[in-house]
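Listed in order, the protein sequences are those of chains D, A and P. Numbering of the first sequence is given in my numbering, commencing with residue 26 and proceeding in unit increments. Numbering of the second sequence is given in my numbering, commencing with residue -4 and proceeding in unit increments. Numbering of the third sequence is given in my numbering, commencing with residue 590 and proceeding in unit increments.
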Amino acid sequence: MTFWNNPINFIGYWLNGVLTGWHLPAVLATLLIYVIGIIVMILFAMTLDIGLVWVERKVVARFQDRLGPNRIGPFGLIQPVADIIKMVIKEDITPDGADKIVYNIAPVLAATSVIVLWAILPLASTIYGVDLNVGLLFIVAAGALGTLAIIMAGWSSNNKYALLGAFRMVSNMISYEIPMVIILLIPTILADTMSVRGITQAQSGMWFAILSPLALLIFLISAIAELGRSPFDLNEAESEIVAGFHIEYTGMKFGWFYAGELLHAFTFGGFIAILFFGGYGGFFGLEKLAAFAWLNIPFVQALVFIAKAMFGYWVIMWVKYSVPRIRIDHMLAFNWKFLVPLSLVVLVNTALLNKILIVLPNWLYVLGMFGSNIVIGYVTVEILRAYGRKQRKAEQIPDPQAHTQEQAV
Amino acid sequence: MTAEQIIFLLTGALVLGAALMVVTVRNLLHAALWLVVSLFGVAVLYAILQANFLAVVQVVVYIGAIAILFIFAVMLTRREAMEKGRQTRNNWWIPVLLGLFILTGLVVLILSVPGVERTATALPSGLDTVQALGMALVSPDAYVLPFEVASVLMLAALVGAVYVATADKK
Amino acid sequence: MQNEWLYIGLFLVIGIIVPVVPLVFARLVAPRKPNPIKQSTYECGIETVGESWVQFKAQYYVFALVFLVFDVESVFLFPWALTLKQLPLFVVLEGVLFIGILVAGLVYAWRKGMLEWV
């Protein structure tokens, strides 16, 4: 156990020695080491969060063909610090009739529900908080706390628009939780474990994104809906109900909602990387070769993980800044009439094929799983196309592909 | 008094205290939020017992679905109805006495069972509790029939809810 | 195993303290000049019309109900999913039966119009 291949345990062991050398009882030493480790992890997450504010603003600027912040510091890198200072010194206005205790707890709960996810996120094979054997459901549980925070914020603000935004947001989030939980079953089946580290290690042969691309797609859509980002951002529909459930929040409380949302988006990018793209490892067995042994160093793995998480986060941002907002009834219909049946079909397909094809050689197995997903995708698109054609005929709108007939007339 | 016992007692006090607040506060939404605290305390109790899956499922299902359902149900009433005064009646001490009487009876009954003070055997190390639960749920000589019947039960609940909701539309 | 939950418990406690610290700091540093106009609730710049309690759409409750049933179903499926590698094919079929019964429920709700946002 050297520093390079097991940094956290090495430091923990050394600190334990130092503290017991100072005659601290062993239990207290362990507790203190845990607390120090937790603070380091949380500070890392918060620093990442500050960086994400800059990333978000630069990326949205480039998508909108403008420059973004570039005055403060080189390339505007100090912009987030300025933002934080601004938010802290802004006046904290509590509206009349607001329920003070619930009003104050809501942003803290929203931030906590995101921070607590970092306890189970593995940055490398030996840099992680705790390897919980029910890690996937823990993600869903943290999401449940976030949902509660939104109801509390919307209800306690004593404001019509906050209440409307909160109702819509919560029905949005709980609806899209179903496809997400069903899709979380697919890495569980493929990796035979619910622990996040176990799933990452099971992808050292083949990424789950290749074994089940439809699952990746559905998880991406559900994750974007869970985060409440565009195109599912009815709660913050700036042109409709002006900032939704966090209208009445000012200063740092709003800051926590905003920063919490960004960190949540990045954390979900991290989970997409872990569940489907192999997380910190997953180089198709490359790291077993002697020439690539440096891929096994935890710090390199952490960098790989952050790169993959950034890619996931970038895809989420890409969707946000390219697609217009969806109406609430379309959103819910899309979930209950399309995503839930589709995710159940994908689940049944994965479970059956995984059992049947596992006896075949590996390349046949991969081909079979990938091919079945393509088949399901094709059939779904055909069903949608037929449905769309039927609806268009019912409304007497000319089919865009039938223009040759009109031109002939 | 080990640390585990202290944490258990504190959590138990939290669960009971929050439950007491649920039935006594005036504001119904505060009552729903105290219920959330109580349910979270139960999840902590499951975690102390090393029942990982149950602890997480408690938060996901109870807090993430049932508490939200309660809050939606409270919001369906109009706001004037929410602050209609205290929840407790004037003779609240009679049911409390009755409850304490039943509690004493139960405690005496349980303590008289032989072997109640035995400590539980430790789980075999390396046992994956979730997998053991899964095996029990699907093996034909364990609980597969209740597993399938549970889905029928949920179907019945769904059909009942749909029926009750659509009956109002007529 | 217990150390895991102890870690998560401590993480939760510190995760609650970390957001509170800047809020407390902001309370010390930020100005506090309340006046009735600033504290009135926001309605796009005009005075609020009517009370701030809009009638709650019953459809939200229906979606929450359907969500509850499916949430419990998917939670039941997790232990099932962990056994698939060791046990033969009929276990997969048991799970498919379980899912099928609940899909029947979803179709029923769909046909009854419960999934419309009227």
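A virtual CB, placed ideally from N, CA and C, is assigned to each residue, including glycine. Here the structure is a predicted model, which means the values were calculated and not measured.
**Request:** Answer with yes or no whether the minimum CB distance from threonine 6 of chain A to chain P is below 8 Å.
**Result:** Sequence index remark: in the second sequence, residue 6 of chain A carries index 11 (1-based). So, not an interface residue.
message: Does any residue of chain D have a CB that is nearer than 8 Å to the CB of glycine 129 of chain A?
response: Numbered from 1 along the second sequence, position 134 holds the residue referred to as residue 129 of chain A. Not closer than 8 Å to any Cβ of chain D, the Cβ of glycine 129 of chain A fails to qualify, so no.
**Asked** Secondary structure at asparagine 34 of chain D, three-state DSSP: helix, strand or coil?
**Response** On the first sequence, position 9 is the one that residue 34 of chain D refers to. Looking at asparagine 34 of chain D - three-state DSSP - the assignment turns out to be helix.
Would isoleucine 176 of chain D and leucine 142 of chain D be called neighbours here (beta carbons separated by less than 8 Å)?
Here residue 176 of chain D refers to the residue found at position 151 of the first sequence. Here residue 142 of chain D refers to the residue found at position 117 of the first sequence. No, the pair does not count as a contact, with Cβ atoms beyond the cut-off.
Start-to-end residues for the alpha helix (DSSP H) that takes in threonine 442 of chain D: Beyond the ends of chain D as shown, which are 26 and 434, falls residue 442 of chain D; an answer cannot be given.
List the residues of chain P that glutamate 143 of chain A touches, going by C-beta distances under 8 Å, in chain order.
Here residue 143 of chain A corresponds to residue number 148 of the second sequence, with the count starting at 1. Glu683, Leu686, Phe687, Ile690, listed in chain order.
Is the beta carbon of leucine 49 of chain A sitting closer than 8 Å to the one on tyrosine 41 of chain A? The sequence position of residue 49 of chain A within the second sequence is 54, counting from 1. The sequence position of residue 41 of chain A within the second sequence is 46, counting from 1. Yes, the pair counts as a contact, with Cβ atoms nearer than the cut-off.
Listing by chain order, which chain D residues have their CB less than 8 Å from the CB of phenylalanine 48 of chain A?
Walking along the second sequence from the start, residue 48 of chain A turns up at place 53. Here the neighbours are Val159, Leu162.
Please report the straight-line C-alpha distance between alanine 13 of chain A and histidine 25 of chain A, rounded to a whole angstrom. Within the second sequence, the letter at position 18 stands for residue 13 of chain A. Within the second sequence, the letter at position 30 stands for residue 25 of chain A. If I take the Cα positions, the gap works out to 11 Å.
- Item | C-beta neighbour in chain A for threonine 225 of chain D, strict 8 Å | Reading the first sequence from its first residue, position 200 is the one you call residue 225 of chain D. No, threonine 225 of chain D lies away from the interface with chain A (no Cβ there is under 8 Å from its Cβ).
8 Å contact criterion, which glycine 402 of chain D and leucine 173 of chain D should meet: CB distance rounded | To locate residue 402 of chain D, count along the first sequence from 1; it is residue 377. To locate residue 173 of chain D, count along the first sequence from 1; it is residue 148. At roughly 35 Å, the Cβ-Cβ gap does not stay under 8 Å, so glycine 402 of chain D and leucine 173 of chain D are not in contact.
**Report entry** Residues from the region 201 to 222 of chain D in contact with chain P, defined by Cβ distance under 8 Å
**Finding:** Glu202, Ile203, Val206, Ile207, Leu210, Thr213, Ile214, Asp217, Thr218, Met219
Practice prompt. Give the C-beta separation of tryptophan 79 of chain D and glycine 46 of chain D to the nearest angstrom, bearing in mind that I take them to be a contact with Cβ-Cβ under 8 Å.
Written response: By one-based count along the first sequence, residue 79 of chain D stands at place 54. By one-based count along the first sequence, residue 46 of chain D stands at place 21. Going by Cβ atoms, the distance from tryptophan 79 of chain D to glycine 46 of chain D rounds to 43 Å, so no, they are not a contact pair.
**OP:** Just the C-alpha distance for leucine 142 of chain A and valine 680 of chain P, rounded to the nearest angstrom, thanks.
**Re:** Position 147 of the second sequence holds residue 142 of chain A. Position 91 of the third sequence holds residue 680 of chain P. The identity of residue 142 of chain A in the sequence shown is phenylalanine, whereas the question assumes leucine. Cα-Cα distance, rounded: 12 Å.
Query raised in the report: By the criterion of Cβ-Cβ separation under 8 Å, what are the contact partners of glutamate 705 of chain P in chain A?
Result: Here the question's residue 705 of chain P lines up with position 116 in the third sequence. Going along chain A, no residue has its Cβ under 8 Å from glutamate 705 of chain P, so there is no contact; the nearest lies around 11 Å.
**Study point:** Environment of histidine 355 of chain D [buried if 16+ CB atoms lie within 10 Å]
**Key:** As a working mapping, residue 355 of chain D is identified with position 330 in the first sequence. Looking at its Cβ environment, which holds fewer than 16 other Cβ atoms inside 10 Å, histidine 355 of chain D is exposed.
task = Give a yes or no on whether the C-beta atoms belonging to glutamate 116 of chain D and arginine 621 of chain P are separated by under 8 Å.
result = On the first sequence, residue 116 of chain D is found 91 positions in, with the first residue counted as 1. On the third sequence, residue 621 of chain P is found 32 positions in, with the first residue counted as 1. Yes, these two residues count as a Cβ contact at 8 Å.
Could you check how far apart the C-beta atoms of leucine 671 of chain P and valine 125 of chain A are, in whole angstroms? I think they sit under 8 Å.
Working through the third sequence from its first residue, we reach residue 671 of chain P at position 82. Working through the second sequence from its first residue, we reach residue 125 of chain A at position 130. With 8 Å as the limit, leucine 671 of chain P and valine 125 of chain A qualify as a contact, their Cβ atoms being about 6 Å apart.
- Task: Pick helix, strand or coil for valine 80 of chain D, following the three-state DSSP scheme.
- Result: Within the first sequence, residue 80 of chain D is the residue found at index 55, counting from 1. Of the three classes helix, strand and coil, the one that applies to valine 80 of chain D here is helix, per DSSP.
TODO: List the residues of chain P that threonine 137 of chain D touches, going by C-beta distances under 9 Å, in chain order.
DONE: For the purposes of this step, residue 137 of chain D is taken as residue 112 along the first sequence, with counting starting at 1. Those within 9 Å of threonine 137 of chain D in chain P are Leu601, Gly604, Ile605, Val607, Pro608.
Exercise for the section: Starting from the beta carbon of leucine 24 of chain A, find every residue of chain D whose beta carbon is closer than 7 Å, and list them in chain order. Expected result: On the second sequence, residue 24 of chain A is found 29 positions in, with the first residue counted as 1. Near leucine 24 of chain A (Cβ distances below 7 Å), the residues of chain D are Trp180.
Beta-carbon neighbours of isoleucine 714 of chain P, restricted to chain D and to distances below 9 Å
Coverage of chain P is limited to positions 590 through 707, which leaves residue 714 of chain P absent and any answer about it impossible.
Checklist line | Any non-hydrogen atom of the ligand ATP closer than 7 Å to isoleucine 341 of chain D Cβ | finding: The model on display carries no ligand, and the ligand ATP is accordingly not part of it.
Practice task
Grab me the residues of alanine 68 of chain A's own chain with a C-beta within less than 7 Å of its C-beta, minus the 5 sequence neighbours each way, in chain order.
Solution key: For this step, residue 68 of chain A is matched to residue 73 along the second sequence. None.
Practice item. List the residues of chain A whose Cβ lies closer than 9 Å to the Cβ of leucine 678 of chain P, in chain order. Key: Position 89 of the third sequence, counted from the first residue, corresponds to residue 678 of chain P. In chain order: nothing, as chain A lies at least about 12 Å away.
Quick one: list the residues of chain P neighbouring phenylalanine 282 of chain D, beta-carbon separation under 9 Å, in chain order.
By 1-based counting over the first sequence, the position of residue 282 of chain D is 257. Simply none; closest approach about 10 Å.
Can you tell me where the alpha helix (DSSP H) holding methionine 356 of chain D begins and where it ends?
On the first sequence, residue 356 of chain D is found 331 positions in, with the first residue counted as 1. Its alpha helix (DSSP H) spans residues 353 to 358.
Discussion item. Strictly under 8 Å for the Cβ-Cβ distance: is tyrosine 128 of chain D near chain P by that measure?
Written reply: By 1-based counting over the first sequence, the position of residue 128 of chain D is 103. No, tyrosine 128 of chain D does not count as interfacial toward chain P.
So, at 6 Å on beta carbons, what are the nonlocal neighbours of glycine 36 of chain A in its own chain, with the 5 sequence-adjacent residues on each side left out? Along the second sequence, one-based indexing puts residue 36 of chain A at 41. These residues qualify, in order along the chain: Thr6, Leu9, Val10.
Q. What do you reckon, are the CB atoms on histidine 289 of chain D and phenylalanine 282 of chain D nearer than 8 Å?
A. In the first sequence, the residue the question calls residue 289 of chain D occupies position 264. In the first sequence, the residue the question calls residue 282 of chain D occupies position 257. Contact flag unset, no.
Discussion item. Tell me the residue span of the alpha helix (DSSP H) that contains tyrosine 158 of chain A.
Written reply: As a position in the second sequence, residue 158 of chain A is number 163, starting the count at 1. Per DSSP, tyrosine 158 of chain A belongs to the alpha helix (DSSP H) from 139 to 162.
| query | If the cut is a Cβ gap below 7 Å, which residues of chain D does isoleucine 66 of chain A touch? | reply | The sequence position of residue 66 of chain A within the second sequence is 71, counting from 1. What isoleucine 66 of chain A touches in chain D: Ile176.
Report task. Say whether chain P places a C-beta atom closer than 8 Å to the C-beta of proline 386 of chain D. Result -> Start at 1 with the first residue of the first sequence, and residue 386 of chain D comes out as number 361. With 8 Å as the cut-off, proline 386 of chain D does not count as an interface residue toward chain P.
Q: Apply the 10 Å Cβ neighbour rule to alanine 76 of chain A and answer buried if 16 or more other Cβ atoms are within range, or exposed otherwise.
A: Taking the first residue of the second sequence as 1, we reach residue 76 of chain A at position 81. Note that alanine 76 of chain A scores a pLDDT of 47, beneath 50, so its modelled location is shaky; the value from the coordinates is reported in the next line. Exposed, because fewer than 16 other Cβ atoms sit within 10 Å of the Cβ of alanine 76 of chain A.
Pairs of beta-carbons, one from the region 140 to 158 of chain D and one from the region 303 to 311 of chain D, closer than 8 Å: are there three or more?
yes
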